[in-house]
Amino acid sequence: MLTLLDAGRPVDVAARTDGERVTIPAGDVERALGWTLTPEGLCGEGVCIPLPAGSSVGPDGLDLATLAQALDRPLALDTKAGAAYLGGATGERRRVLRSLHAPDFTLPDLEGRLHSLSDHRGKKVLLVAYASW
Amino acid sequence: MDLPVWQALYEELKGHGFVVITVALDKSADDARPWIEAARPAHPSLIDTRHVLADLYNIVNVPTVLWIDAQGRIVRPNDVTFATDTFKHVTGLESARPLAAIRAWARGETSALPTEDARRLQTLPSASDQQARAEFGLGQWLWERGQRDAAERHFVRAGELAPHDFTIRRGTMPMRGIDPMGPEFRRMLQAWKDAGQPYYRPLPDLPG
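Here the protein sequences come in this chain order: A and B.
For the first sequence, position 85 matches number 85 in this note's numbering, and the numbering has no gaps at all.
Numbering-wise, this note's numbering comes out as the position in the second sequence, counting from 1, plus 133.
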């Protein structure tokens, strides 16, 4: 068992761990990330992403590092704690920022009410990141 | 603390189709609560324990301010902007000029930066920055579950991957039992100054 965090959203998946190598069954990859494992690679929403050259899907499923590599996403892994985090793809982040379209986000206030940047479309927004530290 | 000034600026300019959104990159809502309750903001005042905003906008320190126009376009990218002169003796940065520039932009007296200038002044994340954010994300999740030793491993690795990222190195200090105003922070600050203040610097040309 491993908790796979998809940019913060946790899904428990069946995982086989051998040292630092973690293998996840195809069905759990789909359940956690929405990608279906096919002979063409990882498929979803009308696109297929081929797996990296030389990689293959074994009887236990797909190697987690190979999965992260195929999706161009950073992987932080802690086999001892049984948790892994797939972060934001560098290429995607760079492309979006380069477009100058402000990425939307949804975050809570002190009372837990959710607010999105897109709620304020039509207004000029001064976005201020700060911290108490 | 700058929050009361941002609230006053919002009240002053809201009639011009202008809103302020403040986002606290803190380990819990309770860390930011006293500051927010004292400022009584009428604008959205949000809590971001997982650094969602830092990830999406490549924010590496606070305070970081962006200007976003009514069409949702970034018209002034990440900039270090203080609303008060509280830290002027440390940073050398005054608040009067940026506040005047924000007022002029909000009132429509000046436009913000042309697209090419906005792009030129952006700092984009590297693969190492994003790996650091994944390590932070895992560490923060483990820390919330009380797995402090496991969290520590990933906070340390995140700091090694992105040594310039104060939101990671300084932002995790309260979770790691390290004083965020103490010697470790001062060493980080000095290293950043010695390197010519890269990544996190006031943008050169304020309009208005």
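Ideal Cβ placement from N, Cα and C applies to all residues, glycine included.
A distance below 7 Å separates the beta carbons of A/G87 and A/P74.
Going by C-alpha positions, A/T38 is about 16 Å away from A/T23.
Taking a cut-off of 8 Å for Cβ pairs, the stretch 242-252 of chain B and the stretch 49-62 of chain A do not touch, as fewer than three such pairs fall below it. If only uninterrupted alpha helix (DSSP H) runs of at least 4 residues are considered, those enclosed by the stretch 206-232 of chain B are 221-224. Spanning the alpha carbons of A/S132 and B/L158 requires a straight line of approximately 8 Å. In terms of Cα proximity to A/G61, the closest of A/T17, A/Y85, A/K123 and A/L71 is A/T17.
In the same chain as B/L257, and ignoring 5 residues on each side of it, the C-beta atoms closer than 7 Å to its own belong to N191, in chain order. Judged by DSSP in its simplified three-state form, B/F151 adopts strand. In the structure shown, A/R16 adopts extended strand secondary structure according to DSSP, grouped into three states.
B/L146 is bridged by DSSP to nothing; it lacks a bridge partner. For the stretch 148-173 of chain B, residues whose beta-carbon sits nearer than 7 Å to a beta-carbon of chain A comprise G150, F151, V152, V153, I154, T155, V156, A157, L158, D159, A162, D164, A165, R166, W168 and I169.
With respect to A/V57, A/A32 sits apart: the two C-beta atoms are not nearer than 7 Å. Chain B has a Cβ within less than 7 Å of the Cβ of A/R93. Secondary structure note for B/P307: it is in no beta strand (DSSP E), and the uninterrupted alpha helix (DSSP H) holding it is M306 to R309. Setting aside the 5 residues that flank it on each side, B/D202 is surrounded in the same chain by V208 and A245, each with a C-beta closer than 8 Å to its C-beta; the list follows chain order.
Interface annotation, A/V47: not in contact with chain B, CB-CB separation never under 7 Å.
Close partners of B/Q280 in chain A (Cβ separation under 9 Å): D78, A81 and A83. Taking 7 Å as the cut-off, the Cβ atoms of B/L294 and B/Q264 count as close.
For A/G8, the nearest CB of chain B lies under 7 Å from its own CB, placing it at the interface with that chain.
A/L100 places its beta carbon less than 7 Å from that of B/R206.
The shortest CA-to-CA distance from A/R121 to any of B/N194, B/E317, B/Q204 and B/M308 is the one to B/Q204. Per DSSP, the unbroken beta strand (DSSP E) holding A/T36 starts and ends at T36 to T38.
Of B/L179, B/P210 and B/V193, the smallest CA-CA separation from A/R113 is found for B/L179.
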